[in-house]
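Participant:
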Amino acid sequence: MLADTPDLVEDPQLLHRQTYFEHDDPNLRGLRPVQKQFLLMGPINRQKVLTWLNALAKNLALKTD
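For the sequence shown, my numbering begins at 883 and goes up steadily by one.
1) Taking all protein chains shown into account, decide if residue 920 is buried (16 or more other Cβ within 10 angstroms of its Cβ) or exposed.
2) Quick one: measure Cβ to Cβ for residue 913 and residue 904, integer angstroms, because I've assumed they're closer than 8 Å.
3) Am I right that residue 925 and residue 893 are in contact with their C-beta atoms under 8 Å? What's the rounded C-beta distance?
4) Give me the Cβ distance between residue 931 and residue 923, rounded to the nearest whole Å; I'm assuming they're in contact under 8 Å.
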């Protein structure tokens, strides 16, 4: 699921609601909460996490499809 999180070219635009912030882009609003948090890590850290997860899956002989 994290690997399916889109890569962003620019910082996402946020809409300020009364008690929370929301993505302006409807595609980003439709992401799962963990994917939204994953976006907050930044591209370098996201790549590090994905590399680690792929290595873990390989070592555990898990399917990554």
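All residues carry an ideal CB built from backbone N, CA and C; glycine is no exception.
Facilitator: So, from the data block:
1) Start at 1 with the first residue of the sequence shown, and residue 920 comes out as number 38. That one is buried.
2) For the purposes of this step, residue 913 is taken as residue 31 along the sequence shown, with counting starting at 1. For the purposes of this step, residue 904 is taken as residue 22 along the sequence shown, with counting starting at 1. With a contact defined as Cβ atoms closer than 8 Å, residue 913 and residue 904 miss out at about 12 Å.
3) Indexing the sequence shown from 1 puts residue 925 at position 43. Indexing the sequence shown from 1 puts residue 893 at position 11. Actually they do not touch by this definition, with Cβ atoms about 11 Å apart.
4) The sequence position of residue 931 within the sequence shown is 49, counting from 1. The sequence position of residue 923 within the sequence shown is 41, counting from 1. Correct: roughly 7 Å between the Cβ atoms.
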